[in-house]
Each structure stands twice: as C-alpha cells, then as structure tokens.
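Visitor:
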Amino acid sequence: CVLSESGRGFCLTRSALITGITGQDGSYLAELLLEKNYDIHGVVRRSSGQRMERLESILPRITLHDGDLLDSGSLLRILEKSNPVEVYNLAAQSFVPASWTQPILTGDVTALGVTRMLEALRHFNPAIRFFQASSSEIFGQALDKKQSEQTALRPRSPYGVAKAYGHFITINYRESYDLFAVSGILFNHESPRRGHEFVSRKVSRGVAAIKLGLQEKLILGNLNAERDWGHARDYVHAMWMMLNQKHPRDYVVATGKKYTVRDLAKIAFACVDLDWERFVEVDPALYRPAEVDALCGDSSSIQSELGWQPDSGFEDLIQEMVLSDLKSLTP
Ligand code: NAP
Ligand code: G4F
Numbered sequence: 002c003v004l005s006e007s008g009r010g011f012c013l014t015r016s017a018l019i020t021g022i023t024g025q026d027g028s029y030l031a032e033l034l035l036e037k038n039y040d041i042h043g044v045v046r047r048s049s050g051q052r053m054e055r056l057e058s059i060l061p062r063i064t065l066h067d068g069d070l071l072d073s074g075s076l077l078r079i080l081e082k083s084n085p086v087e088v089y090n091l092a093a094q095s096f097v098p099a100s101w102t103q104p105i106l107t108g109d110v111t112a113l114g115v116t117r118m119l120e121a122l123r124h125f126n127p128a129i130r131f132f133q134a135s136s137s138e139i140f141g142q143a144l145d146k147k148q149s150e151q152t153a154l155r156p157r158s159p160y161g162v163a164k165a166y167g168h169f170i171t172i173n174y175r176e177s178y179d180l181f182a183v184s185g186i187l188f189n190h191e192s193p194r195r196g197h198e199f200v201s202r203k204v205s206r207g208v209a210a211i212k213l214g215l216q217e218k219l220i221l222g223n224l225n226a227e228r229d230w231g232h233a234r235d236y237v238h239a240m241w242m243m244l245n246q247k248h249p250r251d252y253v254v255a256t257g258k259k260y261t262v263r264d265l266a267k268i269a270f271a272c273v274d275l276d277w278e279r280f281v282e283v284d285p286a287l288y289r290p291a292e293v294d295a296l297c298g299d300s301s302s303i304q305s306e307l308g309w310q311p312d313s314g315f316e317d318l319i320q321e322m323v324l325s326d327l328k329s330l331t332p
C-alpha cells in the first residue's frame, strides 16, 4: 500500500483468483503472479485437502477458499471474499481417458463449470478479466497440419467436447456481455509437477524407477501419437499476458514442434544411458476409444501480437523431468 498526494492511503495490490490452483498450472501461475505482487486467492475442493504438495513453498503467501466448479454458490462467495481483478479458470477434469469413464462428470466440471464461473463473475463484477484454459484437444482429428485460431474444431473425446463448450461459452459471454473473457488454446505442457497419469510424467518416473532398480518395465499405449509438448512455466506466462493485453482475444499457445510418444521414451531413457527398447512394452488396453493422432500448434499470433515465446526445448524439458524424478525416488 502507498500514500497518495492527498495523503490518503490506497492499495496497489491487485487480487487474482485461480481455480485449479492445486494442479500443475495453478501452482506455476500462483508463483508467477506472486512475483508480480498479486494477492493470490485459490479455489480448492474439500477433497484437495491432501493435494497441497505443489503449493507447499508458497502456502503462507496465498489464501485458499473451499469451493467447487460444481457449486455456483461457492464461486460467488469466493468472488466476494477475494474481490479479484483477474480470474484464471484452470480447474477441470483434465485427464482424457477418464472422460470416457466419467463423461457426465467431465461435462459438468469441464464444460458447465465454465458457465458457472462466468455467471458468478458477471453478476458480481463484470469488469473482472477472465482466462479460460482451453485445449488443443478441441481440434481432435484436425484437418490442418498445424492448428491455429482458425482451425475447425473436431474433438474426439468427451473431454475435447467439454473443452470446446468451454471455449465457445467464453467467446459467447465476451460477445453477449462485453466481458474481458479470453480462451487460451493450450497445447500439451509438462513439468516435474505434471500429474503421474499423463504420458510424459509416466515415462519420466518410469525411467527413473528403472534406473534405480525399482521397476522392470514401462507399459505404454499408443507410441505413434504425436504431440506438441512445451513447458508449463512458459504457458502460465502466456495466460497472464493474455489477461493483460489491450483487447480481449483468443490465442493458440504452442511450441510448433511435434514428437511421437516413441521419441519421448527414447529421449527419456537416453538421459540415463539406457536403451528404451529393452524396457518399453505396449499394452493395447491403454489405447483410447478414439485417438487424436497428431497435434501441432501454430502460435504465430500470440508471438507476433503479445511477444510470447516458448523458452524451453523438448529435450531439456524431458531431462528436467527425469532428473527431478531420479532425485525424488532416490532412497
Ligand atoms: P491438473 O494438474 O489436472 O489440475 C486440475 C485442477 O482442477 C486441480 O487443481 C483439481 O483439483 C481441479 N479441479 C478438478 N475438478 C474440480 C472441481 N470440480 N472444482 C474445482 N476444482 C477442480 O491440470 P493442469 O495440467 O494444471 O491443467 C490446467 C488446465 O489447463 C485444465 O483446465 C486443463 O484441462 C487445461 N489444459 C491443460 C493442458 C496441459 O497439457 N497441462 C493442455 C491444455 C489444457 P484437485 O487437486 O482437487 O484434484
Ligand atoms: O499425456 P496424455 O495423457 O495427454 P493428452 O491426452 O494429450 O491430454 C493432455 O493434453 C491436452 C492438450 O492437448 C490437455 F487438454 C489435457 O488436459 C491433457 O493435459 O497423452 C498423450 C498421448 C496420447 O495420444 C496417448 O494415447 O500419449 C499417448 N499415450 C501412450 N501411452 C499415453 C500412454 N498416454 C497416457 N496418459 N498413458 C500412456 O501410457
């Protein structure tokens, strides 16, 4: 807080609210916004009580509120308590395979949850800026080799369909109510904080466990799938940039380079001087009912208009993840 010329005090600290703060991106975003002197508020589910490990180092500096994207009342109450200038909606049922086993829940949280937050926000204070974590999964079996903001949406999973809803409802609220609401179409992004169920982390943990003699094999699904993998730290920076641009607009956030799951395994095993072919086995039970074969983003718009660019390369990212897992699994 500072003193104005008239001697009356006013506070320069801006408050930001993050849903999904206990997740990979939520933790990196909270750290970034703390560096920028925001007052950070986060929504946590009652069940998140045990899942605070990603926030451990910043817990004393942030405020957490019990709430759920399934519960509109909790969202309104949290907005009143935190009085944010920016809301980042990162909460979702975010694991694609779980969207086939829990399609209704996925739609309720990942799709309708966006509307619940937008409704609460527009009633509480329509001047709040809103970021929606959209996904390259909305492109599904894409017709364009590189997917941009103009690429047609062809989602292939209940998760992809739910994210397409979240994407369009964000645009719709911007156009209907003149909100500063934007949708970041995020391609895959990883880090040592990635959930264990996603393929990059499953591989980095598997490699570390095999190197340490704790595991014999790594069982994977479709090795031919191609993804555009970036570093989560770069992607949360894009989120902040998108809420601090002059005019609200949606952007693809991606590195523009794609690799197969096979490349990922090869690179990860090479980090510890092992030959991936000796350890990786394929189990068709891990294939998806409908696969997205290849995703690769064209992020030229956000690069030219906002000056965003990915800092981390794929091989460095995988090495960071393997080394981190080696450290954490070493007895
Ligand atoms: P994540 O690690 O799976 O985190 C998801 C977060 O959502 C967790 O904090 C989780 O809380 C919370 N959550 C789930 N259901 C909720 C509910 N009903 N109410 C409130 N919170 C709920 O995901 P992430 O990788 O950080 O991704 C962040 C966002 O970006 C997600 O929306 C994801 O779909 C989207 N996205 C991610 C990527 C990627 O590659 N990482 C790419 C494109 C889009 P608990 O801790 O309680 O489970
Ligand atoms: O790491 P994944 O589970 O990520 P997926 O399905 O691409 O989704 C992630 O990125 C989306 C953005 O495009 C996000 F919106 C979403 O929330 C999530 O963060 O799988 C990547 C690829 C798939 O093609 C999958 O079939 O890896 C293939 N794969 C092969 N073996 C595997 C495995 N995936 C997992 N999870 N586990 C395996 O054993």
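In this note's numbering, the protein residues as written are 2 to 332.
Where a beta carbon is used, it is the ideal one built from N, C-alpha and C, also for glycine.
Just so you know, these numbers come straight off a predicted model, no measurement behind them.
Where are the alpha helix (DSSP H) runs, 4 residues long or more, that stay fully inside the region 80 to 168, in chain order?
Guide: Entirely contained in the region 80 to 168, the alpha helix (DSSP H) runs reaching 4 residues are, in chain order, 99 to 102, 104 to 107 and 114 to 125.
Visitor: List the DSSP bridge partners of THR64.
Guide: Numbered from its first residue, the sequence shown carries residue 64 at position 63. According to DSSP, THR64 bridges with HIS42.
Visitor: Going along the chain, which residues put their C-beta within less than 5 angstroms of some heavy atom in the ligand G4F?
Guide: Listed by chain position, these are SER95, VAL97, SER136, SER137, GLU138, ASN189, PHE199, VAL200, LEU221, GLY222, ASN223, ALA226, VAL262 and LEU287.
Visitor: Using only the alpha-carbon positions, how far apart do SER329 and LEU318 sit?
Guide: The residue given as residue 329 occupies position 328 in the sequence shown. The residue given as residue 318 occupies position 317 in the sequence shown. Going by the C-alpha atoms only, they are around 17 angstroms apart.
Visitor: For LEU213, which residues of its own chain have a beta-carbon under 6 angstroms away from its beta-carbon, when the five flanking residues on both sides are left out?
Guide: Counting from one through the sequence shown, the residue named residue 213 turns up at place 212. Correct list, in chain order: LEU330.
Visitor: Sorted by chain position, which residues of the same chain lie with C-beta nearer than 6 angstroms to ALA163's C-beta, five sequence neighbours on each side aside?
Guide: Reading the sequence shown from its first residue, position 162 is the one you call residue 163. If we look at ALA163 and ignore the five residues flanking it on each side, its Cβ neighbours are THR107, GLY108, THR111 and ALA112.
Visitor: Can at least three beta-carbon pairs, one atom from the region 152 to 162 and one from the region 270 to 282, be found at a separation below 8 angstroms?
Guide: Flag = no, the region 152 to 162 and the region 270 to 282 do not touch.
Visitor: If you check the beta carbons only, do GLU150 and TYR39 fall under 8 angstroms apart?
Guide: By 1-based counting over the sequence shown, the position of residue 150 is 149. By 1-based counting over the sequence shown, the position of residue 39 is 38. Cβ atoms of GLU150 and TYR39: not closer than 8 angstroms.
Visitor: Verify the contact flag: ARG157, CB atom, against every heavy atom of the ligand NAP, threshold strictly below 7 angstroms.
Guide: Looking up residue 157 in the sequence shown gives position 156. Flag unset: Cβ of ARG157 not near the ligand NAP.
Visitor: Does the Cβ of LYS218 have 16 or more other Cβ atoms within 10 Å, making it buried, or fewer, making it exposed?
Guide: Here residue 218 refers to the residue found at position 217 when the sequence shown is read from its first residue. The residue in question, LYS218, is exposed, as its Cβ has fewer than 16 Cβ neighbours within 10 Å.
Visitor: In terms of alpha-carbon separation, which member of LEU296, GLN25 and THR116 lies closest to ASN173?
Guide: Counting from one through the sequence shown, the residue named residue 173 turns up at place 172. The shortest Cα separation from ASN173 among LEU296, GLN25 and THR116 belongs to THR116.
Visitor: Any heavy atom of the ligand NAP within a distance shorter than 7 angstroms of the CB on GLY24?
Guide: Within the sequence shown, residue 24 is the residue found at index 23, counting from 1. Result yes, Cβ under 7 angstroms from the ligand NAP.
Visitor: Run the CB neighbour count on ASN189, radius 10 Å, all protein chains shown included, and call it buried at 16 or more, exposed below.
Guide: Mapped onto the sequence shown, residue 189 falls at position 188. So ASN189 counts as buried.
Visitor: Distance, Cα to Cα, ALA128 vs THR171?
Guide: Reading the sequence shown from its first residue, position 127 is the one you call residue 128. Reading the sequence shown from its first residue, position 170 is the one you call residue 171. Their backbone Cα atoms lie some 15 angstroms apart in a straight line.
Visitor: Give me the Cα-Cα distance between LEU122 and LEU296, rounded to the nearest whole angstrom.
Guide: Looking up residue 122 in the sequence shown gives position 121. Looking up residue 296 in the sequence shown gives position 295. Using only the alpha carbons, I get a separation of about 33 angstroms.
Visitor: Please state if the CB of ASP284 and the CB of LYS259 are separated by a distance shorter than 8 angstroms.
Guide: Within the sequence shown, numbered from 1, the residue matching residue 259 stands at position 258. Within the sequence shown, numbered from 1, the residue matching residue 284 stands at position 283. Taking 8 angstroms as the Cβ cut-off, LYS259 and ASP284 do not qualify as a contacting pair.
Visitor: Hey, PRO249 and ALA182: beta-carbon distance below 8 angstroms or not?
Guide: Position 248 of the sequence shown, counted from the first residue, corresponds to residue 249. Position 181 of the sequence shown, counted from the first residue, corresponds to residue 182. Yes, these two residues count as a Cβ contact at 8 angstroms.
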